[in-house]
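Colleague:
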Amino acid sequence: MIKAIQESATYIRSKWGATPDIAIILGTGLGELAGHITDRQELPYAEIPHFPLSTVEGHSGKLILGRLGNKCILAMQGRFHYYEGYSMQQVTFPVRVLHALGVKTLFVSNAAGGMNPQFKVGDLMIITDHINTFPDNPLRGKNYEELGPRFPDMSEAYTPRLVAKALEIAARNRIDVKQGVYVGTQGPTFETPAEYRYFRTIGGDAVGMSTVPEVIVAHHAGMEVFAISVITDLGGFGNIVKCSHEEVQKAAAEAQPRMTFIMQQLIEEI
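If you count the sequence shown from 1, you need to add 6 to reach my numbering.
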């Protein structure tokens with residue numbers, strides 16, 4: 007794995023001379039932020055050695071290097087999911103490459119189902135913690151000490167100073183945001199009403215099919231992490247509403263401007 011990481015990073019460096027210290031993973035229907043990147047260069051995943059290919063509608067599958075405000079950043083427009091058939095190591099491989107490229111801070115966005123009765127479709131939830139229900143862990147197997155410790159502490163997987171700064175930005179600009187616990191599931195099915203209620207009972211506020219593996223690996227590597235969910239559907243309470251991927255994309259797109267503003271301001275101010 008070390009050789010594959012190095013080969014991917016070497017190839018990307020051969021295309022781009024800049025060294026970004028911030029990276030962003032853009033989730034389903036949340037690619038608008040990429041449009042704010044200036045002096046941009048794009049690199050399709052298909053051209054990068056050892057990179058998986060995204061198979062999900064709404065994930066375009068390319069790296070974008072450029073500037074966001076006063077920062078040099080690298081954006082992943084499209085991510086990889088366990089439900090696509092990839093191993094946890096493949097899902098999180100790009101995060102390893104980002105770290106090898108010099109990235110010190112990772113921003114993650116996703117579309118999620120809301121379980122907190124106080125949430126509504128279109129809300130933004132800053133993730134403060136997570137519950138991992140995936141059947142595998144990306145750190146399972148041989149541990150490479152050069153990548154991180156065998157038993158990483160996860161008490162502050164989501165960097166408190168970044169959470170606090172994002173809340174300050176939201177309050178200053180009168181943007182309503184929630185905070186909560188994200189439950190990561192393997193998918194690809196959306197949750198049953200009973201599952202929604204179960205995840206709520208064990209402490210979850212929102213649920214989705216990504217983010218947790220990427221955050222585990224980023225934290226393992228010593229990166230700071232900020233993550234935010236767009237609540238795109240609700241389940242398990244009151245009237246049951248059926249959910250589709252198209253509806254998730256639509257709700258995510260409508261919430262994009264607020265999420266984009268917070269992420270952009272946070273990147274500029276840290």
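Glycine included, every Cβ here is placed at the ideal spot set by N, Cα and C.
1. Got a sec? Which residues, its chain only, sit under 8 Å from Ala106 by beta carbon, not counting five neighbours each side?
2. Note down the Cα distance separating Leu104 from Asn76, rounded to an integer number of angstroms.
3. Could you check if Lys126 is buried or exposed, using at least 16 other CB atoms within 10 Å of its CB as the buried criterion?
4. Kindly indicate which residue of Thr25, Gln270, Ile234, Ala40 has the alpha-carbon position closest to the one of His136.
5. Have a look at Phe196 and Ala227 and give me their C-alpha separation to the nearest angstrom.
6. Under the rule that 16 or more other beta-carbon atoms within 10 Å means buried, what is Lys184, buried or exposed?
7. Go to Gln47, then tell me how far its beta strand (DSSP E) extends in each direction, as first and last residue.
8. Please give the ranges of any beta strand (DSSP E) in the stretch 119 to 175, keeping only runs that are unbroken, at least 3 residues long and fully inside the region.
9. Within the same chain, show all residues whose beta-carbon is closer than 7 Å to that of Lys280, passing over the 5 residues directly before and after it, in chain order.
10. Select from Thr207, Thr217, Ser115 the residue whose C-alpha is nearest the C-alpha of Phe140.
11. Please classify Asp239: is it buried, with 16 or more other beta-carbons within 10 angstroms of its beta-carbon, or exposed?
12. Quick one: using the 10 Å Cβ neighbour count with 16 as the cut-off for buried, is Ile222 buried or exposed?
13. Determine the contact status of Ile18 and Ile43, defining contact as a CB-CB distance below 8 Å.
14. Is it a yes or a no for the stretch 205 to 220 touching the stretch 116 to 133, going by three-plus beta-carbon pairs under 8 Å?
15. Once DSSP output is grouped into helix, strand and coil, what is the label at Ile193?
Modeller: Well, looking at it:
1. The residue given as residue 106 occupies position 100 in the sequence shown. Answer for Ala106: Ile11, Gln12, Ser14, Ala15, listed in chain order.
2. Residue numbering aside, residue 104 sits at position 98 when the sequence shown is read from its first letter. Residue numbering aside, residue 76 sits at position 70 when the sequence shown is read from its first letter. Cα to Cα, Leu104 sits roughly 20 Å from Asn76.
3. Counting from one through the sequence shown, the residue named residue 126 turns up at place 120. That one is exposed.
4. One-based indexing of the sequence shown puts residue 136 at position 130. Of the listed residues, the one whose Cα sits closest to His136 is Ile234.
5. The sequence position of residue 196 within the sequence shown is 190, counting from 1. The sequence position of residue 227 within the sequence shown is 221, counting from 1. So the alpha carbons of these two residues sit roughly 31 Å apart.
6. Position 178 of the sequence shown holds residue 184. Answer is buried; the Cβ neighbour count reaches 16.
7. For the purposes of this step, residue 47 is taken as residue 41 along the sequence shown, with counting starting at 1. Here the beta strand (DSSP E) through Gln47 covers 44 to 50.
8. 130 to 138
9. Any property of residue 280 remains undetermined from this structure, which presents the chain solely from 7 to 276.
10. In the sequence shown, counting from the first residue as 1, residue 140 sits at position 134. Of Thr207, Thr217, Ser115, the residue nearest in Cα terms is Thr217.
11. Here residue 239 is taken as the residue at index 233 of the sequence shown, counted from 1. It counts as buried.
12. Position 216 of the sequence shown, counted from the first residue, corresponds to residue 222. So Ile222 ends up on the buried side.
13. Numbered from its first residue, the sequence shown carries residue 18 at position 12. Numbered from its first residue, the sequence shown carries residue 43 at position 37. No, they are not a contact pair.
14. yes
15. Start at 1 with the first residue of the sequence shown, and residue 193 comes out as number 187. Strictly speaking, residue 193 in this sequence is Gly, with Ile absent from that position. Three-state result, Gly193: coil.
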